[in-house]
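Chemist: Here it is, the structure, as structure tokens.
Protein chains: 2
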Amino acid sequence: MQQSIKNIAFAGSGNIAWHLAKGLKQQGYHISGIWSRDYSHAVKLADFCEAKAFHDVKELRDESDLIIIAVADNAIKNVAESIGNYEGIVVHTAGSVALETIKVNFKNSGVFYPLQTFSKEIHVSLKEVPFFIEASSEDVKHILQQIASKLTTKVYKADSRQRLLLHVAAVFAGNYSNFMYAIGEEILNKSNLPLEVLHPLIMETAGKAVKGDPKLLQTGPARRNDTITIEKHMDALASLPDYAELYGLLAKLISKNY
Amino acid sequence: MQQSIKNIAFAGSGNIAWHLAKGLKQQGYHISGIWSRDYSHAVKLADFCEAKAFHDVKELRDESDLIIIAVADNAIKNVAESIGNYEGIVVHTAGSVALETIKVNFKNSGVFYPLQTFSKEIHVSLKEVPFFIEASSEDVKHILQQIASKLTTKVYKADSRQRLLLHVAAVFAGNYSNFMYAIGEEILNKSNLPLEVLHPLIMETAGKAVKGDPKLLQTGPARRNDTITIEKHMDALASLPDYAELYGLLAKLISKNY
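Residue numbers (the working numbering), protein chains in the order written: chain C, 1 to 258; chain R, 1001 to 1258.
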């Protein structure tokens, strides 16, 4: 294991791989190679960060000090097993996969988990993205923390249990809040009002939540136990029974919590 | 009915009354009086906007051209009935209450509904807040649109059915997205990681939704039909069974939609 990491290889060419490869290259690291299940995807990312594209995942070992496995959660184990003997460090980037899953295959392993929603087309400044580090040894942890510190001001240690809870929390605060927006827009569509009328509310709600405590900021019919309005709303959702059911469960849980 | 409104009175002294009274005063309207179920609350708002505080709701008629009823939804009907004969315009500010509810009591009535989440302590720029207008006649509608146009650049017409759907949409996009943040923070609390690690995700998710289409932007384990991660997450929520149930329902609905 090199104490000073210079050459970083990627297994995977999805959203996280793109954002990490771009960020690491900007910080002066050399991206030594990209492997992907779909070779043409590896070529695209390799072109983007002046790296080699590989057909065989074992080639990631060539001239690299660190391999970042950024593939679908359920593919991490197989990819790790396929890499074979390796003297460098291997990390994965998943919230809900234990370090244990790859630790058995390598001398030096870790987790390098950025908590953010990434899309290839949309620029994200990594500077504000929290990174969560776990490692097979203190030495590896130190090295991963150093790398993360070049990308962001927010580096945290988190073991696999903490990271799992964090990921569940992020599903609610990110994926599921987005689903609430999507449902809101679907309902609004039925009113022939333009979708952008919800935008100030969405931004104000999010902005308040990060300045204050969302639990204390809860408003709405359910928070006020306004059963008449809740009934009106569920009647209005008669043609969307899935959302009526969801509305009712959320109203019940909010009432119960206050 | 005055064609040119100068004097505006308020029934109610909650969040909406505060923000509207403040905004209208800044635009040069005279706030003629405030009545509230709790007189001491009326006094506070009256002091704030240099108005009179009234003990009797009927006094709102004194020297006013417009009465804005900004009370709890289920109190609107009673307050409207208590005002008695009035030559001016009476509006309410509620999303889910039909114009019909107050129309029977007055010659000139309407709805003046601002779609935003208001807290007394937090400044909101009304300029970006969409206002939705409904009225008992074209003349009244015109007058209400003129007033709204001084407060905001975004004035829309919406009948009672549209406004109800809009309010349901807003409950999902606002109240329920906030509840997702609150749940996220409650789960995160169990991990001993600081709550602010969720903030960049919350802001990025909201920011993307208003620039794009949240339906297309949906990510996460449910969107990917990643049943292994979904099961891990529901297991991690074993000590919070309400949230495990909610997680499961949301995962099911997302999977069904994609």
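Quick reminder that beta carbons are idealized off the backbone N, C-alpha and C, glycines included.
Just so we're clear, the structure is a prediction, and the values are computed from it rather than from any experiment.
For C/ILE254, I'd like the list of residues in its chain whose CB is within less than 8 Å of its CB, leaving aside the five on either flank, ordered along the chain.
Modeler: Start at 1 with the first residue of the first sequence, and residue 254 of chain C comes out as number 254. GLN218, GLY220, ALA222 and ARG223, listed in sequence order.
Chemist: Between C/LYS141 and chain R, is there a C-beta pair that is closer than 8 Å?
Modeler: Within the first sequence, the letter at position 141 stands for residue 141 of chain C. No, C/LYS141 lies away from the interface with chain R (no Cβ there is under 8 Å from its Cβ).
Chemist: Alpha carbon to alpha carbon, what distance is there between R/TYR1176 and R/TRP1018?
Modeler: Numbered from its first residue, the second sequence carries residue 1018 of chain R at position 18. Numbered from its first residue, the second sequence carries residue 1176 of chain R at position 176. Rounded to the nearest angstrom, the two C-alpha atoms are 24 Å apart.
Chemist: Taking CB distances under 8 Å as the criterion, tell me whether R/GLU1288 reaches chain C.
Modeler: Limits of chain R in this structure are 1001 at one end and 1258 at the other, which puts residue 1288 of chain R out of reach.
Chemist: Please classify C/ASP73: is it buried, with 16 or more other beta-carbons within 10 angstroms of its beta-carbon, or exposed?
Modeler: Indexing the first sequence from 1 puts residue 73 of chain C at position 73. Under this definition C/ASP73 is a buried residue.
Chemist: I'd like to know whether the C-beta of C/ILE69 is nearer than 8 Å to at least one C-beta of chain R.
Modeler: In the first sequence, residue 69 of chain C corresponds to position 69, counting from 1. With 8 Å as the cut-off, C/ILE69 does not count as an interface residue toward chain R.
Chemist: Can you give me, in chain order, the residues of the region 1196-1221 of chain R that have a beta carbon less than 7 Å from any beta carbon in chain C?
Modeler: Residues passing the 7 Å Cβ filter: VAL1197, LEU1198, HIS1199, PRO1200, LEU1201, ILE1202, MET1203, GLU1204, THR1205, ALA1206, LYS1208, ALA1209, VAL1210, PRO1214, LYS1215, LEU1217, GLN1218, THR1219, GLY1220 and PRO1221.
Chemist: Would you call the region 92-106 of chain C and the region 59-73 of chain C touching, i.e. three or more CB-CB distances under 8 Å?
Modeler: Taking 8 Å as the limit for Cβ pairs, the verdict is that the region 59-73 of chain C does touch the region 92-106 of chain C.
Chemist: Straight-line CA distance for R/ILE1143 to R/SER1004?
Modeler: Along the second sequence, read from residue 1 onward, the residue named residue 1143 of chain R stands at position 143. Along the second sequence, read from residue 1 onward, the residue named residue 1004 of chain R stands at position 4. Computed Cα separation, rounded: 8 Å.
Chemist: Please give me, in chain order, every unbroken run of the alpha helix (DSSP H) with length at least 4 that falls completely inside the region 140-194 of chain C.
Modeler: List check, alpha helix (DSSP H) in window: 160-170 and 177-189.
Chemist: In chain order, what residues of the same chain have a beta carbon less than 6 Å from the beta carbon of C/ALA9, not counting five sequence neighbours either side?
Modeler: For the purposes of this step, residue 9 of chain C is taken as the residue at position 9 of the first sequence. These residues qualify, in order along the chain: SER32, GLY33, LEU60, SER64 and ILE67.
Chemist: From the beta carbon of R/THR1117, is the nearest beta carbon of chain C less than 8 Å away?
Modeler: What you label residue 1117 of chain R is simply residue 117 of the second sequence in a count that begins at 1. With 8 Å as the cut-off, R/THR1117 counts as an interface residue toward chain C.
Chemist: Inspect the beta-carbon positions of R/ALA1011 and R/VAL1043 and report whether they are closer than 8 Å.
Modeler: Within the second sequence, residue 1011 of chain R is the residue found at index 11, counting from 1. Within the second sequence, residue 1043 of chain R is the residue found at index 43, counting from 1. Going by C-beta atoms, R/ALA1011 is not nearer than 8 Å to R/VAL1043.
Chemist: Would C/GLN2 pass as an interface residue toward chain R - the criterion being a Cβ-Cβ separation below 8 Å?
Modeler: Taking the first residue of the first sequence as 1, we reach residue 2 of chain C at position 2. Closer than 8 Å: no.
Chemist: Check distances from the C-beta atoms of the region 1164-1185 of chain R to those of chain C and list, in chain order, the residues that come in under 9 Å.
Modeler: The region 1164-1185 of chain R vs chain C, Cβ under 9 Å: LEU1164, LEU1165, LEU1166, HIS1167, VAL1168, ALA1169, ALA1170, VAL1171, PHE1172, ALA1173, GLY1174, ASN1175, TYR1176, SER1177, ASN1178, PHE1179, MET1180, TYR1181, ALA1182, ILE1183, GLY1184 and GLU1185.
Chemist: By the three-class DSSP mapping on this structure, what secondary structure does C/HIS55 have?
Modeler: Taking the first sequence and counting its residues from 1, the one referred to as residue 55 of chain C is at position 55. Coil, per DSSP.
Chemist: Can you list the residues of chain R that C/LYS190 reaches, using a CB-CB cut of under 7 Å?
Modeler: Along the first sequence, read from residue 1 onward, the residue named residue 190 of chain C stands at position 190. Within 7 Å Cβ-Cβ: LEU1165.
Chemist: Express the C-alpha separation of R/PHE1048 and R/LYS1022 in angstroms, rounding to a whole number.
Modeler: The count along the second sequence starts at 1 and reaches residue 1022 of chain R at position 22. The count along the second sequence starts at 1 and reaches residue 1048 of chain R at position 48. Distance between the alpha carbons of R/LYS1022 and R/PHE1048: 8 Å.
Chemist: Residues of chain C with CB under 8 Å from R/GLU1128, in chain order?
Modeler: For this step, residue 1128 of chain R is matched to residue 128 along the second sequence. Correct list: PRO200.
Chemist: Which residues in the same chain as R/HIS1167 place their Cβ atom closer than 7 Å to its Cβ, once the five residues preceding and following it in sequence are excluded?
Modeler: Locating residue 1167 of chain R in the second sequence gives position 167, counting from the first residue. So the list reads GLY1095 and SER1096, once near-sequence residues are dropped.
Chemist: Bridge partners for R/PRO1241 per DSSP, in chain order?
Modeler: Here residue 1241 of chain R refers to the residue found at position 241 when the second sequence is read from its first residue. In the DSSP output, where bridge partners are listed per residue, R/PRO1241 has none listed.
Chemist: From which residue to which residue does the beta strand (DSSP E) around R/TYR1113 run?
Modeler: Sequence index remark: in the second sequence, residue 1113 of chain R carries index 113 (1-based). Counting along the chain, the beta strand (DSSP E) containing R/TYR1113 begins and ends at 1108-1114.
Chemist: Which residues in the same chain have their Cβ closer than 7 Å to the Cβ of C/GLY248, if we skip the five residues on either side of it in sequence?
Modeler: Taking the first sequence and counting its residues from 1, one reaches residue 248 of chain C at position 248. Correct list, in chain order: MET234.
Chemist: Determine the closest residue to C/LEU193 out of R/ASN1178, R/LYS1215 and R/ALA1169, with distance taken between C-alpha atoms.
Modeler: For this step, residue 193 of chain C is matched to residue 193 along the first sequence. Nearest of R/ASN1178, R/LYS1215 and R/ALA1169 to C/LEU193, Cα basis: R/ALA1169.
Chemist: With 16 as the cutoff for other CB atoms within 10 Å, does R/PRO1241 come out buried or exposed?
Modeler: Position 241 of the second sequence, counted from the start, is the residue given in the question as residue 1241 of chain R. Under this definition R/PRO1241 is an exposed residue.
Chemist: Confirm, please, whether the CB-CB distance from C/ALA173 to R/LEU1201 is below 8 Å.
Modeler: Translated into the one-based positions of the second sequence, residue 1201 of chain R becomes position 201. Translated into the one-based positions of the first sequence, residue 173 of chain C becomes position 173. Contact: yes.
Chemist: Tell me, please, whether the CB atom of C/THR93 is closer than 8 Å to any CB atom in chain R?
Modeler: One-based indexing of the first sequence puts residue 93 of chain C at position 93. Chain R contact via Cβ: absent.
Chemist: Would you please state the rounded distance, in angstroms, between the beta carbons of R/LEU1198 and R/GLU1185? I believe it to be under 8 Å.
Modeler: Counting from 1 along the second sequence, the entry for residue 1198 of chain R is found at position 198. Counting from 1 along the second sequence, the entry for residue 1185 of chain R is found at position 185. Rounded, the Cβ-Cβ distance is 7 Å, consistent with contact.
Chemist: What does a CB cutoff of less than 6 Å around R/ASN1007 pick up in its chain, not counting 5 residues either side in sequence?
Modeler: Along the second sequence, read from residue 1 onward, the residue named residue 1007 of chain R stands at position 7. Hits under 6 Å: HIS1030, SER1032, GLU1063, SER1064 and ASP1065.
Chemist: Taking all protein chains shown into account, do 16 or more other C-beta atoms lie within 10 angstroms of the C-beta of R/TYR1243, making it buried, or fewer, making it exposed?
Modeler: Your numbering for residue 1243 of chain R matches position 243 in the second sequence. When all chains shown are included, R/TYR1243 counts as buried.
Chemist: To the nearest whole angstrom, what separates the beta carbons of R/VAL1111 and R/GLU1134, a pair I think is in contact under 8 Å?
Modeler: Taking the first residue of the second sequence as position 1, residue 1111 of chain R is located at position 111. Taking the first residue of the second sequence as position 1, residue 1134 of chain R is located at position 134. Between R/GLU1134 and R/VAL1111 the Cβ distance is about 4 Å, and since that is below 8 Å, they are a contact.
Chemist: At 4 residues or longer, what runs of the alpha helix (DSSP H) sit wholly inside the region 11-47 of chain C?
Modeler: Those alpha helix (DSSP H) runs which fall completely within the region 11-47 of chain C and span 4+ residues are 15-26.
Chemist: Can you look up R/ILE1122 in the DSSP assignment and give me helix, strand or coil?
Modeler: In the second sequence, residue 1122 of chain R corresponds to position 122, counting from 1. Note: R/ILE1122 maps to coil in three-state DSSP.
Chemist: Using the rule of at least 16 other Cβ atoms within 10 Å of the residue's Cβ for burial, across every protein chain shown, is C/LEU216 buried or exposed?
Modeler: If you number the first sequence from 1, residue 216 of chain C lands on position 216. Label assigned to C/LEU216: exposed.
Chemist: So what does DSSP say about R/GLU1138, is it helix, strand or coil?
Modeler: Indexing the second sequence from 1 puts residue 1138 of chain R at position 138. Of the three classes helix, strand and coil, the one that applies to R/GLU1138 here is helix, per DSSP.
Chemist: Is it right to say R/THR1205 is buried, meaning 16 or more other beta carbons lie within 10 angstroms of its own, or is it exposed?
Modeler: Locating residue 1205 of chain R in the second sequence gives position 205, counting from the first residue. R/THR1205 is buried by the Cβ-count criterion.
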